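Engineer: First, the structure itself, so that you have it in front of you.
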Amino acid sequence: MASPFKNLVGDSLVSIDAASSNLHLVLGSYNHKSRTVQVDKANIVHLEPDTINDGAISDQFGVVMALKNTLAKLNIESRRTIFTVEGGYLHTKDLELPVVRPDQLRDMVHYEILGQGGTSRDMFVDYIVYGTMQDEETKQNKYKVRATAIPKEIATDFRELLRNCSLMPVALDVNPNAIRKLFKSGTVNGHVNLESNTILLIELCGKTTNITVLDKGFPVLSRRLQFGHSNIRLVAESVKKVQANAADRSSILTRRIQAVKGEGIKALEIADIDVWNEAVKDEPALSSAVSSYFKSLTDAVSRTAQFSISKYKLDSISTCFLYGSGALYKKMDKELSRQLGTQVEVIETLSSVVAPKDFVLAEYINACGALIREG
1 MASPFKNLVG DSLVSIDAAS SNLHLVLGSY NHKSRTVQVD KANIVHLEPD
51 TINDGAISDQ FGVVMALKNT LAKLNIESRR TIFTVEGGYL HTKDLELPVV
101 RPDQLRDMVH YEILGQGGTS RDMFVDYIVY GTMQDEETKQ NKYKVRATAI
151 PKEIATDFRE LLRNCSLMPV ALDVNPNAIR KLFKSGTVNG HVNLESNTIL
201 LIELCGKTTN ITVLDKGFPV LSRRLQFGHS NIRLVAESVK KVQANAADRS
251 SILTRRIQAV KGEGIKALEI ADIDVWNEAV KDEPALSSAV SSYFKSLTDA
301 VSRTAQFSIS KYKLDSISTC FLYGSGALYK KMDKELSRQL GTQVEVIETL
351 SSVVAPKDFV LAEYINACGA LIREG
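Numbering-wise, the sequence shown is residues 1 to 375 according to the numbering used here.
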């Protein structure tokens, strides 16, 4: 999706994934010859809850202040920036259209995605032609087109945000498109070849879950589901506070010292929360939250896999790959593999991404994909 912003040519870009409650920022570039993304710096821009809600900005001032602070902290001088977004406002459709001139095809796409959509909102529309096919009845060749529409006010909000941060808008992308570009070819975790396998990508976010079926490097099906893992963390935090208070009752002096120093209970990192069934069984509240989440997750994954295999006549799915903040829970891949009865791995490496050793790829997948500028 490049329509709202002006495309420019250059090396270093700031890529920001703004689809979840926090911003995920990557400074890097894309090498067209080697087809690799080079990551130089990365950081999560932490925001107050609901500052960004379902990919839409609700507190522009808060985002501007947080983003400016992060850019200064990382000493990022590049001003050229890409936003990649996703939310319930996106409208994506696969089309089969006659082989016609580019201007005619553009008009057809706009009519198909807007004229029949029943929406009164002003929308930007972009599309890709990803193949051709022959109509069974007419025997005429047709384009296979994937089109996406995004409300103009959403694009305008992000453009204004960049300008308020003294950043230069280069392009507006959408996460499903970023995924398509990043997983087009190469290998995942050093052993699964994208061009010869059917895999399932699962993005685990705090409030949403995104499932993508990738067949030989192309996303044939994507589903955005309105549930996430945030309740697990909330319950784990509550359990930790109860345990800390109980352990600290005998030391009034310790609590007073903490208060004077401004110290409280440190926030619980997701990577410190173990979701393995054996690990949570002795803590009823946490066990209930984990069980509820995994039931929703396994049901959604199973239905999506069965539907896609049947509809698109796919080979069996070889591996499920996890990314997003929820992928960092301790033993998340092990527990999901146990419940699904299939191979599940957290994305640790992609042959198309070159990054520093401490770079946690699973958290920056969308931002990395958005760095890839086609054409």
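A virtual CB, placed ideally from N, CA and C, is assigned to each residue, including glycine. Keep in mind it's a predicted model, so treat the numbers as computed, not measured.
Measure the Cβ-Cβ separation of K184 and G131 and say whether it is below 8 Å.
Structural biologist: no
Engineer: Considering D59, what are the terminal residues of the alpha helix (DSSP H) in which it resides?
Structural biologist: D59 -> no alpha helix (DSSP H), and no H or E assigned at all.
Engineer: Please name the residue, chosen from L361, V354 and R121, that lies closest to S34 on a Cα-to-Cα basis.
Structural biologist: V354
Engineer: Cα separation between S166 and L172?
Structural biologist: Each residue's Cα considered, the two are about 17 Å apart.
Engineer: Reducing DSSP to helix, strand and coil, say where N31 ends up.
Structural biologist: strand
Engineer: What number of angstroms, rounded off, separates the C-alpha of S337 from the C-alpha of D215?
Structural biologist: 20 Å
Engineer: What's the gap between the Cα of R223 and the Cα of N210?
Structural biologist: 6 Å
Engineer: May I ask you to verify whether the region 53 to 60 touches the region 343 to 354, counting CB pairs closer than 8 Å and requiring at least 3?
Structural biologist: Look at the beta carbons and you see the region 53 to 60 not touching the region 343 to 354: under three pairs across the two are nearer than 8 Å.
Engineer: For L23, which residues from the same chain have a beta carbon less than 6 Å from its beta carbon, with the 5 sequence-adjacent residues on both sides left out?
Structural biologist: Excluding sequence neighbours, L23 sits near I16 and V45.
Engineer: Per DSSP, what kind of secondary structure is V353 in: helix, strand or coil?
Structural biologist: Shown here, V353 sits in a strand according to DSSP, grouped into three states.
Engineer: Taking E335 as the reference, which of D274, S325 and F83 has the closest Cα?
Structural biologist: D274
Engineer: Is the region 106 to 115 touching the region 177 to 194, taking contact as three or more C-beta pairs under 8 Å?
Structural biologist: no
Engineer: Can you give me the C-alpha to C-alpha distance between K207 and P49, rounded to a whole angstrom?
Structural biologist: 11 Å
Engineer: Identify whether N43 lies in helix, strand or coil by the three-state DSSP scheme.
Structural biologist: Strand.
Engineer: Out of K281, D272 and K93, which has the shortest C-alpha to C-alpha gap to A147?
Structural biologist: Comparing Cα-Cα distances from A147 to each of K281, D272 and K93, the minimum goes to K93.
Engineer: Check G186 in the structure and name its three-state DSSP category.
Structural biologist: Note: G186 maps to coil in three-state DSSP.
Engineer: At the level of alpha carbons, what is the spacing between L361 and Y143?
Structural biologist: 34 Å
Engineer: Going by DSSP, what residues sit across from Y323 in a beta bridge?
Structural biologist: E203
Engineer: Could you have a look at G10 and say whether DSSP puts it in helix, strand or coil?
Structural biologist: Only weak support is given to the placement of G10: the predicted model assigns it a pLDDT of 47, under 50, and the value that follows is read from those uncertain coordinates. Correct three-state label for G10: coil.
Engineer: Report the rounded CA-to-CA distance for Y127 versus I150, giving the unit in angstroms.
Structural biologist: 12 Å
Engineer: When you compare each of N277, T51 and N31 to Y293 by their alpha carbons, which one comes out closest?
Structural biologist: Nearest to Y293 by alpha-carbon distance, out of N277, T51 and N31, is N277.
Engineer: Secondary structure at K240, three-state DSSP: helix, strand or coil?
Structural biologist: Three-state DSSP puts K240 in a helix.
Engineer: When the distance is taken between beta carbons, is K181 closer than 8 Å to E374?
Structural biologist: yes
Engineer: Using 10 angstroms around the beta-carbon of D103, count the other beta-carbons present and answer buried if the total reaches 16, otherwise exposed.
Structural biologist: Under this definition D103 is an exposed residue.
Engineer: What is the C-beta distance between T81 and M168, in whole angstroms, given that I count them as a contact (C-beta under 8 Å)?
Structural biologist: The C-beta distance from T81 to M168 rounds to 6 Å, short enough to meet the 8 Å contact threshold.
Engineer: Excluding the 5 residues flanking L286 on each side, which residues of the same chain have their C-beta closer than 7 Å to its C-beta?
Structural biologist: V235, A236, V239 and V280
Engineer: Compute the Euclidean distance between the alpha carbons of R233 and S325, then round it to the nearest angstrom.
Structural biologist: Approximately 11 Å, taken between the alpha carbons.
Engineer: Alpha carbon to alpha carbon, what distance is there between G369 and A155?
Structural biologist: 19 Å
Engineer: With K93 as the anchor, note down where its beta strand (DSSP E) starts and where it stops.
Structural biologist: H91 to P98
Engineer: Out of N75, C320 and T36, state which residue places its alpha-carbon closest to the alpha-carbon of L201.
Structural biologist: Ranking the options by Cα distance to L201, first place goes to C320.
Engineer: For Y30, count the other beta carbons within 10 Å of its own beta carbon; 16 or more makes it buried, fewer makes it exposed. Which is it?
Structural biologist: buried
Engineer: Which residue from V37, F227, G28 and P219 puts its Cα closest to that of G88?
Structural biologist: F227
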